[in-house]
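Comments concern the structure below.
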Amino acid sequence: MFERLRDAHDGAGLSAILKDAAARTYGAPWPLWLEHLTHTDSLVLTAQLRESTDRFLATHVPEDASGEVRRVAERFAIVAFAGELASSCYHKITGWPKGEATSGVAVCFQAWLKRRGASGSADTDALLSRIRAFFEAHGESRLEAYRAPQTGLPVRDHAGFKRFDEVGVTEYMVLPEAFNRELWAGFDARLAARALVDAGWLKPGTDGRASTVVRIPGLGAVRLFVFDSRKVHDSAL
0 MFERLRDAHD
10 GAGLSAILKD
20 AAARTYGAPW
30 PLWLEHLTHT
40 DSLVLTAQLR
50 ESTDRFLATH
60 VPEDASGEVR
70 RVAERFAIVA
80 FAGELASSCY
90 HKITGWPKGE
100 ATSGVAVCFQ
110 AWLKRRGASG
120 SADTDALLSR
130 IRAFFEAHGE
140 SRLEAYRAPQ
150 TGLPVRDHAG
160 FKRFDEVGVT
170 EYMVLPEAFN
180 RELWAGFDAR
190 LAARALVDAG
200 WLKPGTDGRA
210 STVVRIPGLG
220 AVRLFVFDSR
230 KVHDSAL
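Heads up: the sequence shown begins at 0 in numbering that gives the first Met the number 0, then just goes up one per residue.
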């Protein structure tokens, strides 16, 4: 509302204008609005709302958005439709030009989406954030170098291994106990595994399971959860 000041010099001036107008005409649009709604065919209004909502979602919602984000966007779309309906040439209740309500609602929706931080599922975002934080905090201290001579202090609270190439760490390989206790505790295990594989963070085994059998020197074949370290650190949440 305060992005355009109209006839006011600043935000405080616009606030004073709004306060004065509300005191003089509080509630005036409602009888007109309710009269229009109650005298319009509900089937026609429903069809118009569906068409307007579909158009809003197609224009303002990312294609890969989660169902959660789309449901919130639908609520914004209802507000946009109501504003456009009240501003149309037959029902000039607001005095706004065509498209004004939709553009204003779109600004608010994008601000909500930006504050949320991503367009994916909040549960998935929380899971990825937790896993990234784990590797940032413990990647150096709790993961043992794979096929490297033991140097320095032994690894405490051992959580797994890390594999290198000439550039740096390529994979984090986490033991099942640490994975279940610390990385996805509190999440549905099946859904969490699917989300991690879909994001490209977790490399599934050839047998279709979320974990992979890796031969570790001195331990033999061990089932580990193998993460692509570059995906973990490069993917923006």
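All residues carry an ideal CB built from backbone N, CA and C; glycine is no exception. Because the structure is a prediction, the values reported are computed rather than measured.
In terms of residue numbering, what span does the alpha helix (DSSP H) encompassing residue i cover?
| i | result |
| --- | --- |
| residue 16 | 10 to 24 |
| residue 49 | 41 to 59 |
| residue 36 | 28 to 37 |
Judging by CA-CA distance, which residue of the options is the nearest neighbour of residue i?
| i | options | result |
| --- | --- | --- |
| residue 64 | 124, 27, 185 | 124 |
| residue 218 | 198, 160, 141, 209 | 160 |
| residue 140 | 128, 126, 155, 14 | 155 |
| residue 233 | 185, 199, 210, 211 | 199 |
| residue 170 | 227, 180, 183, 189 | 227 |
| residue 51 | 39, 72, 40, 62 | 72 |
| residue 137 | 144, 122, 158, 145 | 158 |
| residue 220 | 179, 185, 174, 183 | 174 |
| residue 203 | 190, 216, 187, 224 | 224 |
By the three-class DSSP mapping on this structure, what secondary structure does residue i have?
| i | result |
| --- | --- |
| residue 231 | helix |
| residue 190 | helix |
| residue 1 | coil |
| residue 66 | helix |
| residue 220 | strand |
| residue 205 | coil |
| residue 114 | helix |
| residue 148 | Below a pLDDT of 50, predicted positions are generally treated as unreliable, and residue 148, at 48, falls in that range; no measurement from the model is reported. |
| residue 7 | coil |
| residue 139 | coil |
Assuming residue i is part of the beta strand (DSSP E), what are its boundary residues?
| i | result |
| --- | --- |
| residue 170 | 168 to 173 |
| residue 211 | 211 to 215 |
| residue 163 | 159 to 163 |
Stretch pair the stretch 127 to 142 + the stretch 107 to 114: three plus CB contacts closer than 8 angstroms: Of all C-beta pairs linking the stretch 127 to 142 to the stretch 107 to 114, fewer than three are shorter than 8 angstroms, placing the two stretches out of contact.
Inter-stretch contact (C-beta, 8 angstroms, three-pair minimum) for the stretch 77 to 89 and the stretch 33 to 53: Three or more Cβ pairs drawn from the stretch 77 to 89 and the stretch 33 to 53 lie within less than 8 angstroms of each other, which places the two stretches in contact.
Segment contact, 8 angstroms Cβ cut-off, at least three pairs: the stretch 45 to 59 with the stretch 87 to 99: With contact defined as three or more Cβ pairs closer than 8 angstroms, the stretch 45 to 59 and the stretch 87 to 99 are not in contact.
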